[in-house]
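Chains as they are written, first to last, in our numbering: chain A, 1 to 174; chain B, 1001 to 1174.
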């Protein structure tokens, strides 16, 4: 994941949602274009409790270099944008990709990224949310299995309930 | 849709995302528990340009009354919460429902809603985002068709492109 143009004050909550969806739905990590240590701490706190220590959060200042390096090492770049090709028309191709860098913007994204992306993918050609876009993209790539991800290193887990909340500590199991 | 506990300053961007996902993915409207005319205006501006005038935005102060009235007239209530039954285990049942009020909270949701909901549904039992949860819920209910929704009353439309942005005005067609 690459989150472009993060501004701490304006974007803290939406970028937090993006990062939490990335973790929960199976991404390996997130690069955040910006510098927001409070946000990094918040995600790390979630990871500490709910698991997923492999998930990497990195603040970066040069996202173009990241994209270039990613492509140079054989990775594919997918930019999520309402102006791209609608997901249903490309999802079969996307499933075949191996090492994907997914880009979502927090503001107007420069033309450079449209040009460099291997795929510009629309999660419907309507304006809505990069959080929803990322969720549906990962859903199609992981074929719905992202909803069943368990984190082996979690300290607590939810016991699903028809009504109410139940959480167990995993002390005994680790 | 019912968005609980909206606070204008803190939640404006996330609630905007919730409302835009609701519109884009086929919900009929959104009740927002709070009072934020600026947010309502923002969504109406999107509707004006991108279509969907049937989509209703209403600020409400008594969400419990709404839930009671909804149920009294035969509607079903689905509360999205990470503590509920995971979506893959209930999605077949959900597809059969007719008139659904989907509830997402902006903060801790009172036990009353867990009790009154016909279904407490988890979009994975991990912490992430109500925006992502709503998107995946609507995706399962509409079987992916939400990505192809066209709004007949839109002023402009995106022409999907592999690279770049293309938008056309629909003047000629209406």
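Beta carbons are placed, not taken as given, at the ideal position from N, Cα and C, and that holds for glycine.
CA-to-CA distance, residue j to residue i, given in whole angstroms
i                       : j                       : result
residue 244 of chain A  : residue 53 of chain A   : Outside the displayed span of chain A (1 to 174) sits residue 244 of chain A, for which this structure offers no information.
residue 1004 of chain B : residue 1111 of chain B : 13 Å
residue 26 of chain A   : residue 1074 of chain B : 38 Å
residue 1119 of chain B : residue 11 of chain A   : 32 Å
residue 101 of chain A  : residue 2 of chain A    : 7 Å
residue 1104 of chain B : residue 72 of chain A   : 42 Å
residue 58 of chain A   : residue 31 of chain A   : 5 Å
residue 158 of chain A  : residue 109 of chain A  : 38 Å
residue 1139 of chain B : residue 151 of chain A  : 25 Å
residue 148 of chain A  : residue 1093 of chain B : 19 Å
residue 80 of chain A   : residue 1042 of chain B : 22 Å
residue 1174 of chain B : residue 1164 of chain B : Caution applies to residue 1174 of chain B, whose pLDDT of 45 falls short of 50 and renders its modelled position unreliable; the model cannot decide the point.
residue 121 of chain A  : residue 1095 of chain B : 27 Å
residue 116 of chain A  : residue 91 of chain A   : 19 Å
residue 1141 of chain B : residue 162 of chain A  : 19 Å
residue 1153 of chain B : residue 154 of chain A  : 48 Å
residue 160 of chain A  : residue 1038 of chain B : 37 Å
residue 62 of chain A   : residue 68 of chain A   : 10 Å
Own chain residues within Cβ distance below 6 Å of residue i, not counting five before or after
i                       : result
residue 97 of chain A   : 76
residue 36 of chain A   : 8
residue 23 of chain A   : 52 and 55
residue 1133 of chain B : 1080 and 1123
residue 114 of chain A  : 120
residue 84 of chain A   : 120, 121 and 122
Whole-number beta carbon distance between residue j and residue i, since they are thought to touch under 8 Å
i                       : j                       : result
residue 144 of chain A  : residue 1127 of chain B : Between residue 1127 of chain B and residue 144 of chain A the Cβ distance is about 19 Å, and since that is not below 8 Å, they are no contact.
residue 1255 of chain B : residue 135 of chain A  : What is shown of chain B runs 1001 to 1174, which leaves residue 1255 of chain B out entirely.
residue 29 of chain A   : residue 6 of chain A    : No, residue 29 of chain A and residue 6 of chain A are not in contact; Cβ-Cβ is about 15 Å, not under 8 Å.
Close Cβ partners of residue i (< 8 Å) along its chain, the five nearest in sequence each way excluded
i                       : result
residue 1124 of chain B : 1082, 1086 and 1087
residue 131 of chain A  : 14, 17, 18 and 21
residue 66 of chain A   : 2, 31, 60 and 101
residue 156 of chain A  : 49, 50, 167, 168, 169 and 170
residue 1146 of chain B : 1024, 1025, 1026, 1138 and 1139
residue 1047 of chain B : 1023, 1053 and 1055
Residue i: first and last residue of the uninterrupted alpha helix (DSSP H) it sits in
i                       : result
residue 71 of chain A   : 63-72
residue 111 of chain A  : 111-116
residue 1048 of chain B : 1037-1050
residue 58 of chain A   : No alpha helix (DSSP H) contains residue 58 of chain A, which is instead part of the beta strand (DSSP E) from 56-60.
residue 1017 of chain B : 1008-1024
residue 1097 of chain B : Looking at the DSSP string, residue 1097 of chain B is not in any alpha helix (DSSP H), and its letter there is neither H nor E.
residue 135 of chain A  : 130-141
For residue i, the first and last residue of its enclosing beta strand (DSSP E)
i                       : result
residue 151 of chain A  : No beta strand (DSSP E) holds residue 151 of chain A; DSSP gives it neither H nor E.
residue 80 of chain A   : 76-86
residue 1027 of chain B : Premise fails: residue 1027 of chain B is in no beta strand (DSSP E) and is neither H nor E.
residue 1003 of chain B : 1002-1004
residue 1169 of chain B : 1167-1169
residue 1125 of chain B : Counting along the chain, residue 1125 of chain B falls outside any beta strand (DSSP E), and DSSP gives it neither H nor E.
Sequence-distant residues of its chain with Cβ nearer than 7 Å to residue i (five each side left out)
i                       : result
residue 40 of chain A   : 57 and 59
residue 1070 of chain B : 1077 and 1101
residue 1129 of chain B : none
residue 99 of chain A   : 74, 75 and 76
residue 1064 of chain B : 1112
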